[in-house]
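Notes follow once the structure below has been shown.
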Amino acid sequence: MAATRTEQAAGRGEAASAYESWIQAQGIPIHRAFFIEDLRTIELGWWEFRQCQAAFLVLAGQEDIQESRVTAIAPGAALPPWKIALEEMCYCVQGQGMCTVWSGDMPRKQFEFQKHSLFMIPPSYTYQLSNSRGDQEVRLLHCNYLPLAMLIMPIPDFYFNNEFVDTSILYAEDESEAFSEAKQVERDNPGERGVRALWVGNFFPDMKAWDKLEAHRRRGAGGSVVDFRSRTGRGGHMSVFPVGTYKMAHRHGPGTVIVIPEGDGFSVLWPPGGDKEKTYVPWGEASVFVPPNQWFHQHFNTGSVPARYLAIARPGRVFDTDESLNDRQIAYTEEDPEIRQRFENELAKHSIQTRMPAEVYTNPNYQWKYRGDD
Ligand SMILES: [Fe+2]
């Protein structure tokens, strides 16, 4: 199993990065692992800085790119307002609450979030989170690029006491829509996933229920996908794929955080040329993992409902290679037979039949039936 980058650096006797030193100084649990099976049950600790229970995740594959951390809000409680000079992607894994966002003395914008909501707070906007229920903790996964940013500007106060705010992000002419539901825009370039629609907005109320998906024709399994981004420009995608199927293996740069809104299954990850070094990640709702740099990864649905995974993206293409998709993806006809065998064995444990057509293993031009096809 791959060590996290931090563990590798420590093994070489290297000094901790500025980000690593900062998280160690916060006095809350740091979960260093390949994956987290359930964000709702991991240990948290009191974070004086934010006045809440929290923990950092340092997962293999995050590299020095993406921070991920979990915060909790006690029943009925409100956290003090705070801000960070980087965009925060927030995904609710449990509970229900309110978020108020503003800059200086400009109007406050408020919205209600719930389990499976995804929302984005633009850089240096002040935001305050509260729990609107009296009987259940709120848990949020937050992602930002603080580790990457601190490689260049290592002084934490630059991020937490930065007065500059681009007020056009939330206070433009159409400000009433700042946190209304995302809107669809058409792109000229359909991107690697081959979808034209891009959903733009800072609030996605329910990723478990989101059904505005398009066929994802380039990775098999009859899956579908939505590409999204915030008003600032950060984004990601969510893929959904049917019961009894699995997708093709592929690889790319590090730092994309994957969290599961719904479904049960597993993923297999291995380094290029390291077919015998496969790491198996079992997942269900609220699991999280990050495919390491250029490791192949392949997702398998062994549950009784279509599986969904939400991918919170690494920045741009700067960490990717210029290889074509075909060079970074393994067709079913080319894959290690052990892959299919393992999948069928896992399905058998759940008394579920494979829905992978036998022909996909012999016909490289097999035509899956996708959403929207007749
Ligand atoms: Fe991927």
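The sequence shown lines up with residues 3 to 376 when you count with this note's numbering. From the three backbone atoms N, C-alpha and C, an ideal C-beta is built for every residue, glycine too. Just so it is clear, the structure is predicted and the values come from calculations on it, not from any experiment.
- Message: Measuring only from the beta carbon, is histidine 252 closer than 8 Å to any heavy atom that is part of ligand 1?
- Response: Within the sequence shown, numbered from 1, the residue matching residue 252 stands at position 250. Indeed, a heavy atom of ligand 1 lies less than 8 Å from the Cβ.
**For glycine 47, the residue or residues it bridges with in DSSP** = Here residue 47 refers to the residue found at position 45 of the sequence shown. Beta bridge pairing from DSSP links glycine 47 with Ala56.
- prompt: Quick one: does the C-beta of histidine 299 sit closer than 8 Å to a heavy atom of ligand 1?
  reply: The count along the sequence shown starts at 1 and reaches residue 299 at position 297. True, at least one ligand heavy atom lies under 8 Å from that Cβ.
Item to check | Any non-hydrogen atom of ligand 2 within 8 Å of alanine 313 CB | outcome: As far as ligands go, the structure on display features ligand 1 and does not contain ligand 2.
Notebook entry, point to check: Cβ of proline 293 versus every heavy atom of ligand 1: is any distance shorter than 8 Å?
Noted result: Residue 293 sits at position 291 when you count from the first residue of the sequence shown. Correct: proline 293 has its Cβ closer than 8 Å to ligand 1.
Looking only at its chain, what residues have a beta carbon closer than 7 Å to the beta carbon of asparagine 204, apart from the 5 residues adjacent to it on each side? In the sequence shown, counting from the first residue as 1, residue 204 sits at position 202. In its chain, beyond the 5 residues on either side, Phe121, Met122, Ala180, Phe181, Ser232 and Arg233 have a beta carbon closer than 7 Å to the beta carbon of asparagine 204.
Review point. At what residues does the beta strand (DSSP E) containing threonine 258 begin and finish?
Key: Residue mapping note: residue 258 aligns to position 256 of the sequence shown, counting from 1. Per DSSP, threonine 258 lies in no beta strand (DSSP E) segment and is marked neither H nor E.
Problem - threonine 258 CB to nearest heavy atom of ligand 1 below 8 Å - result: On the sequence shown, residue 258 is found 256 positions in, with the first residue counted as 1. Under cutoff, so the answer is yes.
For glutamate 336, three-class secondary structure by DSSP: Sequence index remark: in the sequence shown, residue 336 carries index 334 (1-based). For glutamate 336, the secondary structure class from DSSP, reduced to helix, strand or coil, is helix.
field: alpha helix (DSSP H) segment containing methionine 100, residue limits
entry: The residue labelled residue 100 in the question sits at position 98 within the sequence shown. Premise fails: methionine 100 lies in the beta strand (DSSP E), 98-104, not in any alpha helix (DSSP H).
| message | Rounded to whole angstroms, what is the Cα-Cα separation between cysteine 145 and tyrosine 129? | response | Position 143 of the sequence shown holds residue 145. Position 127 of the sequence shown holds residue 129. Taking the straight line joining both Cα atoms gives about 15 Å.
Problem - Alpha-carbon to alpha-carbon, tryptophan 297 and alanine 309 - result: The residue you call residue 309 lines up with position 307 of the sequence shown. The residue you call residue 297 lines up with position 295 of the sequence shown. One C-alpha to the other measures close to 22 Å.
Leucine 142 to histidine 33, Cα distance in whole Å?
Here residue 142 corresponds to residue number 140 of the sequence shown, with the count starting at 1. Here residue 33 corresponds to residue number 31 of the sequence shown, with the count starting at 1. In a straight line, the C-alpha of leucine 142 is about 15 Å away from that of histidine 33.
- Item | Continuous beta strand (DSSP E) stretch holding aspartate 229: start and end | Locating residue 229 in the sequence shown gives position 227, where the first residue counts as 1. For aspartate 229, the uninterrupted beta strand (DSSP E) run begins and ends at 226-231, by DSSP.
- Message: So, does the stretch 270-278 touch the stretch 72-92, judging by three or more C-beta pairs under 8 Å?
- Response: Per the Cβ contact rule, the stretch 270-278 is not in contact with the stretch 72-92 (fewer than 3 Cβ pairs under 8 Å).
(request) Take the Cβ of serine 170 as the centre, count every other Cβ of all protein chains shown within 10 Å, and call the residue buried at 16 or more, exposed below. (result) On the sequence shown, position 168 is the one that residue 170 refers to. It is exposed - the Cβ of serine 170 has fewer than 16 other Cβ atoms within 10 Å.
Exercise. Does the Cβ of methionine 209 have 16 or more other Cβ atoms within 10 Å, making it buried, or fewer, making it exposed?
Worked result: For this step, residue 209 is matched to residue 207 along the sequence shown. Label assigned to methionine 209: buried.
Is the Cβ-Cβ distance between leucine 148 and tyrosine 161 less than 9 Å? If you number the sequence shown from 1, residue 148 lands on position 146. If you number the sequence shown from 1, residue 161 lands on position 159. Cβ distance < 9 Å, so leucine 148 and tyrosine 161 count as in contact.
### Message
Between the alpha carbons of glycine 47 and tryptophan 24, how many angstroms are there, rounded?
### Response
Within the sequence shown, residue 47 is the residue found at index 45, counting from 1. Within the sequence shown, residue 24 is the residue found at index 22, counting from 1. Those two C-alpha atoms are separated by around 16 Å.
query = Straight-line CA distance for aspartate 338 to glutamate 325?
reply = Here residue 338 is taken as the residue at index 336 of the sequence shown, counted from 1. Here residue 325 is taken as the residue at index 323 of the sequence shown, counted from 1. Just so you know, the alpha carbons of aspartate 338 and glutamate 325 end up roughly 22 Å apart.
Is glycine 136 buried or exposed, if buried means 16 or more other CB atoms sit within 10 Å of its CB? Within the sequence shown, numbered from 1, the residue matching residue 136 stands at position 134. For glycine 136, the number of other beta carbons within 10 angstroms of its own is below 16, and it is reported as exposed.
Please report the Cβ distance between threonine 258 and asparagine 303, rounded to the nearest whole angstrom; I am assuming they are in contact, meaning their Cβ atoms lie under 8 Å. By 1-based counting over the sequence shown, the position of residue 258 is 256. By 1-based counting over the sequence shown, the position of residue 303 is 301. In this structure threonine 258 does not touch asparagine 303 by the C-beta definition: roughly 19 Å separates them, more than the 8 Å allowed.
My guess is that proline 294 and alanine 333 are in contact by the Cβ rule of under 8 Å, so how many angstroms apart are they, rounded?
-> As a working mapping, residue 294 is identified with position 292 in the sequence shown. As a working mapping, residue 333 is identified with position 331 in the sequence shown. Not really, about 22 Å apart at Cβ, beyond 8 Å.
For this session: Using alpha carbons as the reference points, say which of Met240, Lys280 and Glu139 lies closest to cysteine 54.
Result: As a first step, residue 54 must be located in the sequence shown, where it is residue number 52. Ranking the options by Cα distance to cysteine 54, first place goes to Glu139.
Going straight from the alpha carbon of asparagine 328 to that of alanine 251, what length do you get? On the sequence shown, position 326 is the one that residue 328 refers to. On the sequence shown, position 249 is the one that residue 251 refers to. Between asparagine 328 and alanine 251, the C-alpha separation is close to 11 Å.
- Message: Less than 9 Å between the beta carbons of glutamine 26 and alanine 17, yes or no?
- Response: As a position in the sequence shown, residue 26 is number 24, starting the count at 1. As a position in the sequence shown, residue 17 is number 15, starting the count at 1. With a cutoff of 9 Å on beta-carbon distance, glutamine 26 and alanine 17 are scored as not near each other.
Sequence-distant residues of the same chain with beta carbon closer than 6 Å to glutamine 331, five excluded per side:
Along the sequence shown, one-based indexing puts residue 331 at 329. Hits under 6 Å: Met250 and His252.
- Query: In terms of residues, what are the limits of the beta strand (DSSP E) holding glycine 374?
  - Reply: Numbered from its first residue, the sequence shown carries residue 374 at position 372. Here glycine 374 belongs to no beta strand (DSSP E), and DSSP marks it neither H nor E.
TODO: Return the CA-CA distance between proline 263 and tyrosine 311, expressed in angstroms with no decimal places.
DONE: As a position in the sequence shown, residue 263 is number 261, starting the count at 1. As a position in the sequence shown, residue 311 is number 309, starting the count at 1. Spanning the two alpha carbons is a distance of roughly 6 Å.
Beta strand (DSSP E) runs wholly inside the stretch 243-297, at least 3 long, in chain order
Correct list: 259-264, 267-272 and 281-285.
Tell me whether aspartate 107 is buried or exposed, calling it buried when 16 or more other Cβ atoms sit within 10 Å of its Cβ. For this step, residue 107 is matched to residue 105 along the sequence shown. Exposed, since its Cβ has fewer than 16 Cβ neighbours within 10 Å.
Closest Cα partner of glycine 29 within the set Lys351, Arg52, Glu348 and Tyr363: As a first step, residue 29 is located in the sequence shown; it is residue number 27 there, counting from the start. When each option's Cα is compared against that of glycine 29, the closest is Arg52.
**Asked** How would you call isoleucine 260, buried or exposed, if buried means at least 16 neighbouring beta carbons within 10 angstroms?
**Response** Your numbering for residue 260 matches position 258 in the sequence shown. When all chains shown are included, isoleucine 260 counts as buried.
| request: Indicate whether lysine 85 and tyrosine 127 have their beta-carbon atoms separated by less than 9 Å. | output: Along the sequence shown, read from residue 1 onward, the residue named residue 85 stands at position 83. Along the sequence shown, read from residue 1 onward, the residue named residue 127 stands at position 125. Taking 9 Å as the Cβ cut-off, lysine 85 and tyrosine 127 qualify as a contacting pair.
Practice item. Measure the C-alpha to C-alpha separation of histidine 254 and phenylalanine 321 and round it to an integer number of angstroms. Key: Stepping through the sequence shown from its first residue, residue 254 is reached at position 252. Stepping through the sequence shown from its first residue, residue 321 is reached at position 319. Spanning the two alpha carbons is a distance of roughly 8 Å.
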